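Engineer: Take 94 as the starting number for the sequence shown in the working numbering and just add one per residue.
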Amino acid sequence: MDAREQTLDAATRLFAAQGYGGTSLSAIADAVGIRKASLLYHFPSKDALHRAVLDQILEHWSQVLPRLLEAAAGDDRFDALLHEVVRFFVDDPDRARLVLREVLDRPDVMRARLAEAVAPWMAVIAGYIRKGQGTGEIREDADPEAYLLHVIHLVISGIATADTLGSVLGEGGDTQRLVRELERMAKTSLFTETGLARARERRADKEDEAAE
Numbered sequence: 094m095d096a097r098e099q100t101l102d103a104a105t106r107l108f109a110a111q112g113y114g115g116t117s118l119s120a121i122a123d124a125v126g127i128r129k130a131s132l133l134y135h136f137p138s139k140d141a142l143h144r145a146v147l148d149q150i151l152e153h154w155s156q157v158l159p160r161l162l163e164a165a166a167g168d169d170r171f172d173a174l175l176h177e178v179v180r181f182f183v184d185d186p187d188r189a190r191l192v193l194r195e196v197l198d199r200p201d202v203m204r205a206r207l208a209e210a211v212a213p214w215m216a217v218i219a220g221y222i223r224k225g226q227g228t229g230e231i232r233e234d235a236d237p238e239a240y241l242l243h244v245i246h247l248v249i250s251g252i253a254t255a256d257t258l259g260s261v262l263g264e265g266g267d268t269q270r271l272v273r274e275l276e277r278m279a280k281t282s283l284f285t286e287t288g289l290a291r292a293r294e295r296r297a298d299k300e301d302e303a304a305e
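Below is the structure:
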């Protein structure tokens, strides 16, 4: 990992923990183990570094979502999308904490960024949900855009606070337990019994093909 990548990682961690206003370039440079002048070589200002941190998170989806949407269909597409969203934030919970903090601390900035980077993909995925409603696999009373927004919020806030709120569950209250329940809730609240049954049939067919 080069100095630029290390700086982005450290900035993600510190911005998530302390917010934009509470984080200095000097603190980020110290966390990386470089001089502030070296940091400024890669990022000319704190604002430029902050934008780069958010860009890194948002651009991930511009690269991944098209591949996932093309590679899977129906229930498989839903599973692939949800698993990728969860994996991305579980792999580095500071990403979730940063997004949550930015939404609360800098709403005007985030409104513009989300409208630009997230809204177009939500519209595409909502279109697939409507197709599923037409085939009877997805509940007719589901509001596609509102559903997606709720799921995104549940994933981000759930993972961001899992270490703290998970302690209420005592032993076994780890992030994976919370994630499993979140995935179950997301799936059963969207798909009809017909949709879930068809998904089980497709899964069984794939297992049979793999066994042959």
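Where a beta carbon is used, it is the ideal one built from N, C-alpha and C, also for glycine.
Note that the structure is predicted; figures quoted are calculated from it, not measured.
Nearest-angstrom Cα distance between R160 and G251?
Structural biologist: Translated into positions along the sequence shown, residue 160 becomes position 67. Translated into positions along the sequence shown, residue 251 becomes position 158. Those two C-alpha atoms are separated by around 26 Å.
Engineer: Would you report the Cα separation of A248 and A297, rounded to the nearest angstrom?
Structural biologist: Stepping through the sequence shown from its first residue, residue 248 is reached at position 155. Stepping through the sequence shown from its first residue, residue 297 is reached at position 204. It should be noted that the sequence gives Val, not Ala, for residue 248. Approximately 28 Å, taken between the alpha carbons.
Engineer: Using the beta-carbon count (16 or more within 10 Å), is P237 buried or exposed?
Structural biologist: Here residue 237 refers to the residue found at position 144 when the sequence shown is read from its first residue. Buried, by the Cβ-count rule.
Engineer: Could you check whether the Cβ of G126 sits closer than 7 Å to any heavy atom belonging to the ligand HEM?
Structural biologist: Ligands displayed in this structure: none; no statement on the ligand HEM is therefore possible.
Engineer: Which first and last residues belong to the alpha helix (DSSP H) in which F136 is found?
Structural biologist: Position 43 of the sequence shown, counted from the start, is the residue given in the question as residue 136. Here F136 belongs to no alpha helix (DSSP H), and DSSP marks it neither H nor E.
Engineer: Could you work out which residue in A205, R199, L242 is closest to I218 when comparing CA atoms only?
Structural biologist: Sequence index remark: in the sequence shown, residue 218 carries index 125 (1-based). That would be L242, whose Cα lies nearest to the Cα of I218.
Engineer: Just mark T105 as buried or exposed, buried being the case when its beta carbon has 16 or more other beta carbons within 10 Å.
Structural biologist: To locate residue 105, count along the sequence shown from 1; it is residue 12. Result: buried.
Engineer: Can you name the start and end residues of the alpha helix (DSSP H) that Y221 belongs to?
Structural biologist: The sequence position of residue 221 within the sequence shown is 128, counting from 1. Per DSSP, Y221 belongs to the alpha helix (DSSP H) from 212-228.
Engineer: May I have the straight-line CA-CA distance separating A122 from K129, to the nearest angstrom?
Structural biologist: Sequence index remark: in the sequence shown, residue 122 carries index 29 (1-based). Sequence index remark: in the sequence shown, residue 129 carries index 36 (1-based). Each residue's alpha carbon lies about 5 Å from the other.
Engineer: Indicate whether R206 and L142 have their beta-carbon atoms separated by less than 8 Å.
Structural biologist: Taking the sequence shown and counting its residues from 1, the one referred to as residue 206 is at position 113. Taking the sequence shown and counting its residues from 1, the one referred to as residue 142 is at position 49. For R206 and L142, no; Cβs fall outside 8 Å.
Engineer: Please go through the same chain and pick out, in chain order, the residues whose beta-carbon is closer than 8 Å to the beta-carbon of G227, but skip the five residues on each side of it.
Structural biologist: Taking the sequence shown and counting its residues from 1, the one referred to as residue 227 is at position 134. None.
Engineer: Rounded to a whole number of angstroms, what is the C-alpha to C-alpha distance between E286 and R97?
Structural biologist: Along the sequence shown, one-based indexing puts residue 286 at 193. Along the sequence shown, one-based indexing puts residue 97 at 4. Approximately 49 Å between the Cα atoms of the pair.
Engineer: Just the C-alpha distance for S117 and K139, rounded to the nearest angstrom, thanks.
Structural biologist: Indexing the sequence shown from 1 puts residue 117 at position 24. Indexing the sequence shown from 1 puts residue 139 at position 46. For S117 and K139, the distance between alpha carbons rounds to 8 Å.
Engineer: How far does the alpha helix (DSSP H) with T268 in it reach, from first residue to last?
Structural biologist: In the sequence shown, counting from the first residue as 1, residue 268 sits at position 175. Where T268 is concerned, the enclosing alpha helix (DSSP H) stretches over 268-281.
Engineer: Nearest CA to the CA of D102: which residue from V178, L258, G259, L191?
Structural biologist: Start at 1 with the first residue of the sequence shown, and residue 102 comes out as number 9. For the residues V178, L258, G259, L191, the minimum Cα distance to D102 belongs to L191.
Engineer: With 16 as the cutoff for other CB atoms within 10 Å, does T100 come out buried or exposed?
Structural biologist: The count along the sequence shown starts at 1 and reaches residue 100 at position 7. Buried, by the Cβ-count rule.
Engineer: Just how far apart, CA to CA, sit A304 and Q269?
Structural biologist: Counting from 1 along the sequence shown, the entry for residue 304 is found at position 211. Counting from 1 along the sequence shown, the entry for residue 269 is found at position 176. Spanning the two alpha carbons is a distance of roughly 29 Å.
Engineer: Consult DSSP for I231 and reduce its assignment to one of helix, strand or coil.
Structural biologist: Here the question's residue 231 lines up with position 138 in the sequence shown. I231: strand per DSSP, three-state reduction.
Engineer: How would you write the range of the alpha helix (DSSP H) that V261 sits in, first residue to last?
Structural biologist: Within the sequence shown, numbered from 1, the residue matching residue 261 stands at position 168. Note, V261: premise wrong, no alpha helix (DSSP H); not H, not E.
Engineer: What is the C-beta distance between Y221 and R170, in whole angstroms, given that I count them as a contact (C-beta under 8 Å)?
Structural biologist: Mapped onto the sequence shown, residue 221 falls at position 128. Mapped onto the sequence shown, residue 170 falls at position 77. Contact flag correct, Cβ pair sits at about 7 Å.
Engineer: Quick one: Cα of L132 to Cα of G114, how far?
Structural biologist: In the sequence shown, the residue the question calls residue 132 occupies position 39. In the sequence shown, the residue the question calls residue 114 occupies position 21. Looking at the two C-alpha atoms, the distance is approximately 18 Å.
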